[in-house]
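*Asks:* What follows is a structure written as structure tokens; I'll ask about it next.
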Amino acid sequence: MSCGPVREGMKTIRQIADEIGVSKTAVNKQIANLGLRSGLRKNGNQFAIDEHQEALIKQAFSEKSQTEIENQSQTKTQTENHEVGDLVCVLQATIDTLQGQLEVKDRQIAKLTEALVAAQQTAAAAQALHAGTMKQQLLSGESGADQ
34 MSCGPVREGM
44 KTIRQIADEI
54 GVSKTAVNKQ
64 IANLGLRSGL
74 RKNGNQFAID
84 EHQEALIKQA
94 FSEKSQTEIE
104 NQSQTKTQTE
114 NHEVGDLVCV
124 LQATIDTLQG
134 QLEVKDRQIA
144 KLTEALVAAQ
154 QTAAAAQALH
164 AGTMKQQLLS
174 GESGADQ
């Protein structure tokens with residue numbers, strides 16, 4: 034069994050498989066997919082593949098590889114989009130929670146403001162009452178001193 038080219042410019046399936054880093058089976062499947070099987074020459078127990086056929090086979094693997102890269106890229110993008118969507122959902126839930134807490138705080142502030150206003154009014158009324166009482170006492174004291 035010869036490892037060299039069958040004829041000048043021709044290669045075996047094994048040589049092509051080794052060059053592109055795939056199995057002989059993968060090259061055989063690609064040959065069948067491309068319909069090249071009937072155009073191959075057989076030399077003993079090996080198929081001889083000419084340069085044109087070799088180029089077609091390598092191009093098919095290159096296109097397949099490019100398609101796989103594009104599919105991986107698309108899958109990665111979809112995964113990233115899904116992760117971003119999940120993050121947006123988490124952030125939206127956090128925003129909703131914080132907005133709810135702000136609404137509670139706003140109501141608490143409003144109640145405390147009302148209580149403060151009421152306390153100020155009570156203090157003002159108490160001061161006025163005290164001032165009135167003091168004035169009355171002073172007037173009563175003056176009246177008593179006049180007598």
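Basically the numbering used here = 1-based index in the sequence shown + 33. Think of the CB as a built atom: it goes at the ideal place given N, C-alpha and C, for glycine as much as any other residue. From a predicted model like this one, the values you see are computed outputs, not experimental measurements.
#1: Does DSSP put Asn-78 in a helix, in a strand, or in coil?
#2: So, Ala-50 versus Leu-67, is the Cβ gap smaller than 8 Å?
#3: Would you kindly report the start and end of the unbroken alpha helix (DSSP H) that includes Leu-73?
#4: Considering just the uninterrupted stretch of the alpha helix (DSSP H) at Asp-51, what are its terminal residues?
#5: Does DSSP put Asp-189 in a helix, a strand or coil?
#6: Please name the residue in Glu-136, Thr-45 and Leu-145 whose C-alpha comes closest to that of Gln-86.
#7: Whole angstroms is fine: what's the gap from Val-117's alpha carbon to Gln-134's?
#8: Could you tell me whether the region 52 to 63 touches the region 88 to 104, using the rule of 3 or more Cβ pairs below 8 Å?
#9: Specify the secondary structure class of Met-1 as computed by DSSP and reduced to three states.
#10: Assuming the contact rule is C-beta atoms closer than 8 Å, Met-212 and Ala-81 should be a hit. Round their C-beta distance to whole Å, please.
#11: Between the C-alpha atoms of Ala-152 and Thr-127, what's the straight-line distance to the nearest angstrom?
*Replies:* This is what the structure holds:
#1: Working through the sequence shown from its first residue, we reach residue 78 at position 45. DSSP places Asn-78 in coil when its eight states are reduced to three.
#2: By 1-based counting over the sequence shown, the position of residue 50 is 17. By 1-based counting over the sequence shown, the position of residue 67 is 34. No, they are not a contact pair.
#3: Walking along the sequence shown from the start, residue 73 turns up at place 40. Note, Leu-73: premise wrong, no alpha helix (DSSP H); not H, not E.
#4: Position 18 of the sequence shown holds residue 51. It spans 46 to 53 - the alpha helix (DSSP H) in which Asp-51 sits, taken as one unbroken run.
#5: No answer is possible for residue 189: it lies beyond the span of the chain, which begins at 34 and ends at 180.
#6: On the sequence shown, residue 86 is found 53 positions in, with the first residue counted as 1. That would be Thr-45, whose Cα lies nearest to the Cα of Gln-86.
#7: By one-based count along the sequence shown, residue 117 stands at place 84. By one-based count along the sequence shown, residue 134 stands at place 101. Going by the C-alpha atoms only, they are around 25 Å apart.
#8: yes
#9: In the structure displayed, the chain extends from 34 to 180; residue 1 sits before or after that span and is not available.
#10: The structure shown has nothing for residue 212, since the chain only spans 34 to 180.
#11: By one-based count along the sequence shown, residue 152 stands at place 119. By one-based count along the sequence shown, residue 127 stands at place 94. For Ala-152 and Thr-127, the distance between alpha carbons rounds to 37 Å.
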